[in-house]
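What follows is a short report on a single structure.
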């Protein structure tokens, strides 16, 4: 049974890898962005218990699954149910370059123009990954990886077989 969590900085390749594994294994993907933010209020986060409830519904509905995101608090809630942890850590410069190639994310933005309005903020946010000290930080992601006792991989390049 595959129950995979993929996480890392924005632009690290989480969605791309999740999509590849979805096709390879024919199992559903939960993009944590879709259960984290209030749909009609940009930048407003749902209550943690609401997001955790949606994670548990997804886990209970699917015998196998992939979850991807950067939310340390949500990743930690899903870890006890996962069989594999993949930490994408290609470096900040690669994340910035990946963001330049980011496709339109219709599940997050109403239009490409709206997505582009947030691009400068996204790039600045990516650059601060090593400086942050909360759930979206390298420090929190490293701690999650180091403490996880199950099967795990840290991918530091974008040239992965998976």
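Numbering (the numbering used here), first residue to last: 57 to 218.
For every residue, glycine included, the Cβ atom is placed at its ideal position computed from N, Cα and C.
If you're wondering where the values come from, they're calculated on a predicted model, not measured in any experiment.
Does DSSP put residue i in a helix, a strand or coil?
i, result
"residue 78", "helix"
"residue 57", "coil"
"residue 184", "coil"
"residue 64", "strand"
"residue 196", "helix"
"residue 213", "coil"
"residue 202", "helix"
"residue 172", "helix"
"residue 161", "coil"
"residue 145", "coil"
"residue 151", "helix"
"residue 218", "In this predicted model, residue 218 has a pLDDT of only 39, less than 50, meaning its place in the structure is not dependable; the value taken from the coordinates is given anyway. Coil at residue 218, not helix or strand."
So, using beta-carbon positions, are residue i and residue j closer together than 9 Å?
i, j, result
"residue 146", "residue 71", "no"
"residue 143", "residue 60", "no"
"residue 124", "residue 85", "yes"
"residue 73", "residue 211", "yes"
"residue 131", "residue 78", "no"
"residue 226", "residue 156", "With the chain covering 57 to 218 only, the question about residue 226 has no answer from this structure."
"residue 196", "residue 189", "yes"
"residue 117", "residue 57", "no"
What residues match up with residue i in a beta bridge as DSSP calls it?
i, result
"residue 207", "140"
Let me check understanding here. Comparing Cα to Cα, which of the options lies closest to residue i?
i, options, result
"residue 193", "57, 63 and 58", "63"
"residue 112", "96, 91, 195 and 191", "91"
"residue 127", "115, 213, 65 and 159", "65"
"residue 138", "211, 207, 213 and 212", "207"
"residue 100", "187, 114 and 164", "164"
"residue 171", "189, 158 and 182", "158"
"residue 115", "80, 134, 98 and 175", "134"
"residue 186", "148, 153 and 152", "148"
Practice problem: Entirely within the segment 69-135 and at least 3 residues each: give me those beta strand (DSSP E) ranges in chain order. | Solution: 85-87 and 121-125
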